[in-house]
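Data first, discussion second: the structure below is written as structure tokens.
2 protein chains.
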Amino acid sequence: MPQQQKLTLNDVARNLGLSRATISLVLRGSPLVKTETRARVEAEIQRIGYIYNRAAANLRARSASSVGLIVNDLSNPFFAEFAAGVDEALAAVGFVTLLGSTGESVERQQAVLSSLVEHAPAGIILSPAEGSQGSAVARAAGAHVPILVFNRALDGDWDFLAMDNHRGAYLATEHLIALGHRRIAFFGGHRDSSSCRERLEGYAAALADAGLTAEPQWRIEAAPTRVEAARQAGALFVRDPAPTAAVCYNDAVALGLQLGLVARGRRPGIDFAIVGFDDIPEAALSMPPLTTIATAPRGLGRHAAERILARMRDPSLEIALHTEPVSLIVRESTCPPPETYGHTAK
Amino acid sequence: MPQQQKLTLNDVARNLGLSRATISLVLRGSPLVKTETRARVEAEIQRIGYIYNRAAANLRARSASSVGLIVNDLSNPFFAEFAAGVDEALAAVGFVTLLGSTGESVERQQAVLSSLVEHAPAGIILSPAEGSQGSAVARAAGAHVPILVFNRALDGDWDFLAMDNHRGAYLATEHLIALGHRRIAFFGGHRDSSSCRERLEGYAAALADAGLTAEPQWRIEAAPTRVEAARQAGALFVRDPAPTAAVCYNDAVALGLQLGLVARGRRPGIDFAIVGFDDIPEAALSMPPLTTIATAPRGLGRHAAERILARMRDPSLEIALHTEPVSLIVRESTCPPPETYGHTAK
DNA sequence: TTCAAGCATTGGATCGTTCCAATGTTTGAC
DNA sequence: GTCAAACATTGGAACGATCCAATGCTTGAA
Chain S
1 MPQQQKLTLN DVARNLGLSR ATISLVLRGS PLVKTETRAR VEAEIQRIGY
51 IYNRAAANLR ARSASSVGLI VNDLSNPFFA EFAAGVDEAL AAVGFVTLLG
101 STGESVERQQ AVLSSLVEHA PAGIILSPAE GSQGSAVARA AGAHVPILVF
151 NRALDGDWDF LAMDNHRGAY LATEHLIALG HRRIAFFGGH RDSSSCRERL
201 EGYAAALADA GLTAEPQWRI EAAPTRVEAA RQAGALFVRD PAPTAAVCYN
251 DAVALGLQLG LVARGRRPGI DFAIVGFDDI PEAALSMPPL TTIATAPRGL
301 GRHAAERILA RMRDPSLEIA LHTEPVSLIV RESTCPPPET YGHTAK
Chain P
1 MPQQQKLTLN DVARNLGLSR ATISLVLRGS PLVKTETRAR VEAEIQRIGY
51 IYNRAAANLR ARSASSVGLI VNDLSNPFFA EFAAGVDEAL AAVGFVTLLG
101 STGESVERQQ AVLSSLVEHA PAGIILSPAE GSQGSAVARA AGAHVPILVF
151 NRALDGDWDF LAMDNHRGAY LATEHLIALG HRRIAFFGGH RDSSSCRERL
201 EGYAAALADA GLTAEPQWRI EAAPTRVEAA RQAGALFVRD PAPTAAVCYN
251 DAVALGLQLG LVARGRRPGI DFAIVGFDDI PEAALSMPPL TTIATAPRGL
301 GRHAAERILA RMRDPSLEIA LHTEPVSLIV RESTCPPPET YGHTAK
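Protein chains in written order, with our numbering: chain S, 1 to 346; chain P, 1 to 346.
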């Protein structure tokens, strides 16, 4: 078959002896066209293989059919799941996702933002790179595209969506307290990560509510990787009294801690209780399976998309701060403390 | 600040007393404009916060600035890495990625294809859902957008990019043979997966080249998940002579097999040699660290993007079939066989 | 027969940009 | 001083759709 010209509304109209306007009405499902006309038009569209040009339509109608999504790193399973959720919700209403990633670089984030904005998306979902300035983001994005900030706070007034880090860590800590633990560590993560700070606060709040105090030596910092966590495991036991359980910054850290404990002859889930955070797929498969906080990143992604779409329909919506609920998944890495110090466990 | 009108080229032109055409030339970096004029224009653009409308430009210039990417499932780390590579290469030349996912559903794939095509991308990178028909894909995509098929073959004439499954399995098998193994199983995967078939052929070829035969009972099928693989581990040893090593369909299967062996009292890396495929991050962290085939999905993604861009620049390019090289990563899950049957290992 | 109301369709202007042929303005060679 | 070549800029048409006000058609009621 010959490489024919690109087909337009005009071609369909001419072939049928109708006007462009009528074809346009058919394409948009208007009730104004006669049923018979609609059928003829649709048949002709099929026959010649006409393809709608959404960019031209959006130009004239000043509408948009895409949403930008900027994440730090797609190879992080949390972001990948989140992106899948965003795309799922957008596709369901006929929108497409414009992808961008920053690799945690503020400069790349600015470049990606300016590039995305030129495609006139209905909105942008942004997980800011560490160290982002709200003012710089506002400048690159221009005044007309709504932005939903996600995962990490950004200075300025933005729609914000995040998981409930505070409550997650609170639930994890509470679970350990209910098992009888009194000396509970917070393991992994860094002070300059906002999500880590929030989790640490939830942990501290749960301890305080139970009348317990968080000893400073029970706070062990470690880069959020399995290897680093395994290396730091020993730091939990350098001073007495040593903790009998740990709330971990995330699952990667928790799995690393499990390895580190095994290497030191301790048995996680028997001698020492561990709670993770995120419920990554490996959490259910480790030895022992990890008790953790499920964050449902895919659902978070769906919510983000819905929020942007809602704002597009009604730009006067109030700026909102939404936290996504989390839940405790109890598996076998948590156990009562080895001795109970005369504590009456019911 | 008041929500002002959307700014256009005309606003910039009017403010400076120039014509639209001149501003357009500046925006496109044309050498025709005087240096001084260019500077004035750029200053004004900054000042009023003008944002380029790429859709309008593409409409007039009949050009494109996006590439569609359709994957089965972003939450699969292989696709996530691949997508990251595609996006990285596209962003480097100012293109954006239009994301779509099929969830392995042929119907959703058709819907996503038609939706993407309406945005007039320069091309589409497609990992076909299992069971896709080439003709249906061609119909949904129309005649004008080049498609690069990736990861799984599709009937018809397409640019095709895949990793070298055959050679990867060949390298894995060869490595085991070099260690002294003579009874080598192929573990995991299903016959109706094309990638599994290719790997199986590479395995068989390596055995044949070494003058060995693949006993049918050394082919154990299992769904490509850790849990299923662990469950099937015992199947390797039901008949004599049992294998002393296994090439696994992928790393997930290999890690599951490790667990299954441990549960049966065997020590992977000491009693039994295991090779994986993919080099997922966990492969380096398992016990023992997994010998595997690295496939560099990010590089594959970059190549896919470059290929589409090349075809866009020169549509007359020949249809090509490109396989991405793979490499063997030796870690500690492979060892010589426990007894050597009088074989003289050098 | 007339007229209003509803239905189905239409031409022309328009969205924000680029293309193109034309026009003015320098510059330098002879 | 003239002329061609190079430089810099320009207005109007065009890309493929939608918007909008206008226009024929049918009806059926008065």
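Using N, Cα and C, we set each Cβ at its ideal position, and we do this for glycine too. Treat the numbers as computed from the prediction; the structure is a model and nothing was measured.
So, with DSSP's three-state summary, where would you put M312/S?
In this structure, M312/S counts as helix in the three-state DSSP scheme.
For N100/S, the nearest candidate out of E107/P, V93/P, D87/P and R108/P (CA to CA): Before going on, a small fix: residue 100/S reads as Gly here, not Asn. Closest option to G100/S, Cα to Cα, is D87/P.
According to DSSP, C335/S sits in a beta bridge with which residue or residues? Answer is none; C335/S lacks a bridge partner.
| said: Using the Cβ count rule (16 or more neighbours within 10 Å means buried), how would you classify I319/S? | reply: Classification of I319/S: exposed, given that the 10 Å Cβ count is below 16.
(request) Specify whether the stretch 272–282 of chain P and the stretch 291–309 of chain P touch according to this definition: at least 3 beta carbon pairs, one from each stretch, less than 8 Å apart. (result) With a cut-off of 8 Å, the stretch 291–309 of chain P and the stretch 272–282 of chain P count as touching, because enough Cβ pairs lie within range.
- First and last residue of the beta strand (DSSP E) that includes A162/P? A162/P: member of the beta strand (DSSP E) spanning D159 to M163, first to last residue.
Point to revise | Sequence-distant residues of the same chain with beta carbon closer than 8 Å to G212/P, five excluded per side | key: With the sequence shown as reference, residue 212/P is identified as Leu, and Gly is not the correct amino acid for it. Around L212/P: I177, R182 and I184.
*asked:* For a contact defined as C-beta to C-beta under 7 Å, what are the partners of I51/P on chain S?
replied: Scanning chain S for C-beta atoms nearer than 7 Å to the C-beta of I51/P yields V117, E118 and G142, reported in chain order.
* Between L261/S, L148/S, G134/S and V112/S, which lies nearest to G123/S when the distance is taken from Cα to Cα? -> Nearest C-alpha to G123/S: L148/S.
>> Among the candidates G265/S, G202/S and A252/S, whose CA atom is the shortest distance from the CA of V326/S?
In response: Ranking G265/S, G202/S and A252/S by Cα distance to V326/S puts G202/S first.
- prompt: For P268/S, does the three-state DSSP call read helix, strand or coil?
  reply: Taken through DSSP and simplified to helix, strand or coil, P268/S comes out as strand.
Per-residue contacts from L285/P into chain S (C-beta, under 9 Å):
Under the 9 Å cutoff, chain S gives R226, V227, A230, L255, G256 and L259.
*For G156/S, which option in F150/S, G134/S and I70/S has the closest C-alpha, if you only look at C-alpha atoms?*
Cα-wise, what sits closest to G156/S is G134/S.
Just verifying my parser: in three-state terms, what is the DSSP assignment at G17/P?
Per DSSP, reduced to three states, the secondary structure at G17/P is coil, with no helix or strand assignment.
(message) Which residue wins for smallest C-alpha separation from E130/S, given the options A208/S, Q110/S and P121/S?
(response) Check the Cα spacing between E130/S and each of A208/S, Q110/S and P121/S: the tightest is with Q110/S.
- Query: In whole angstroms, what separates the C-alpha of G342/S from that of E215/S?
  - Reply: At G342/S the pLDDT is 43, less than 50, meaning the model places this residue with poor confidence; the figure from the coordinates comes in the next sentence. The straight-line gap from Cα to Cα measures roughly 21 Å.
At 4 residues or longer, and completely inside the stretch 124–204 of chain S: list those alpha helix (DSSP H) runs for me, N to C.
Fully enclosed alpha helix (DSSP H) runs of 4 or longer: 134–141 and 165–178.
| task | Determine the chain S residues that contact A100/P at a beta-carbon separation under 8 Å, and present them in chain order. | result | Per the sequence shown, residue 100/P should be read as Gly rather than Ala. In chain order: D87, A91, V96 and T97.
### Message
I'd like to know if L25/S contacts chain P, where contact means its C-beta is closer than 7 Å to some C-beta of that chain.
### Response
No, its Cβ sits nowhere closer than 7 Å to a Cβ of chain P.
Cβ of H343/P less than 7 Å from any chain S Cβ? For H343/P, the predicted structure reports a pLDDT of 44, less than 50, and the residue's modelled location is therefore unreliable. The matter cannot be settled from this model.
So with Cβ pairs under 7 Å, would you call S75/P a contact of chain S? So yes, S75/P belongs to the interface.
Count Cβ pairs between the stretch 294–307 of chain P and the stretch 253–271 of chain P that sit closer than 8 Å; are there 3 or more?
Pairwise C-beta distances place the stretch 294–307 of chain P out of contact with the stretch 253–271 of chain P, as fewer than three of them are shorter than 8 Å.
#### Entry: Helix, strand or coil at R349/P [DSSP, three-state]
With chain P running from 1 to 346 in the structure shown, residue 349/P is simply not present.
Inset, instruction - Give the C-beta separation of L98/P and S66/P to the nearest angstrom, bearing in mind that I take them to be a contact with Cβ-Cβ under 8 Å. - result: Rounded to whole angstroms, the Cβ separation of L98/P and S66/P is 5 Å, and the two are in contact under 8 Å.
Under 7 Å between the Cβ atoms of P336/P and L179/P?
Yes, the pair counts as a contact, with Cβ atoms nearer than the cut-off.
Q. Which chain S residues sit within Cβ distance under 8 Å of E81/P?
A. Those are L74 and S75, listed as they occur along chain S.
#### Entry: chain P contact for A347/S (CB, 7 Å cutoff)
For chain S, the structure presents residues 1 to 346; residue 347/S sits outside this window and is missing.
Interface positions of the stretch 148–178 of chain P facing chain S (Cβ-Cβ less than 9 Å), listed along the chain: For the stretch 148–178 of chain P, which is checked against every Cβ of chain S, not one residue is closer than 9 Å.
message: Are the CB atoms of H190/P and E228/P within a distance shorter than 7 Å?
response: In this structure, the beta-carbon distance from E228/P to H190/P does not fall below 7 Å.
Counting only C-beta atoms, is L222/S closer than 7 Å to chain P at any point? For the record, residue 222/S in the displayed sequence is Ala; it is not Leu. Not one beta carbon of chain P lies nearer than 7 Å to the beta carbon of A222/S.
Counting contacts by CB-CB distance shorter than 7 Å, is R199/S in contact with chain P?
-> Chain P contact via Cβ: absent.
**Prompt:** Which same chain residues, not among the five before or five after L259/S, have their C-beta less than 6 Å away from its C-beta?
**Reply:** In the same chain as L259/S, and ignoring 5 residues on each side of it, the C-beta atoms closer than 6 Å to its own belong to A230, in chain order.
*asked:* Measuring alpha carbon to alpha carbon, tell me which residue in L25/S, N53/S and V247/S is nearest H144/P.
replied: Comparing Cα-Cα distances from H144/P to each of L25/S, N53/S and V247/S, the minimum goes to N53/S.
Enumerate in chain order the residues of its own chain whose CB-to-CB distance from S194/S is below 8 Å, with the five nearest sequence positions on each side excluded.
Cβ neighbours of S194/S beyond the five flanking positions: R152 and A153.
Open item on the list: Run through chain P and tell me which residues come within less than 8 Å of V106/S, C-beta to C-beta.
Closed with: In chain order: nothing, as chain P lies at least about 15 Å away.
Ends of the beta strand (DSSP E) at T292/S?
Per DSSP, T292/S belongs to the beta strand (DSSP E) from T292 to A294.
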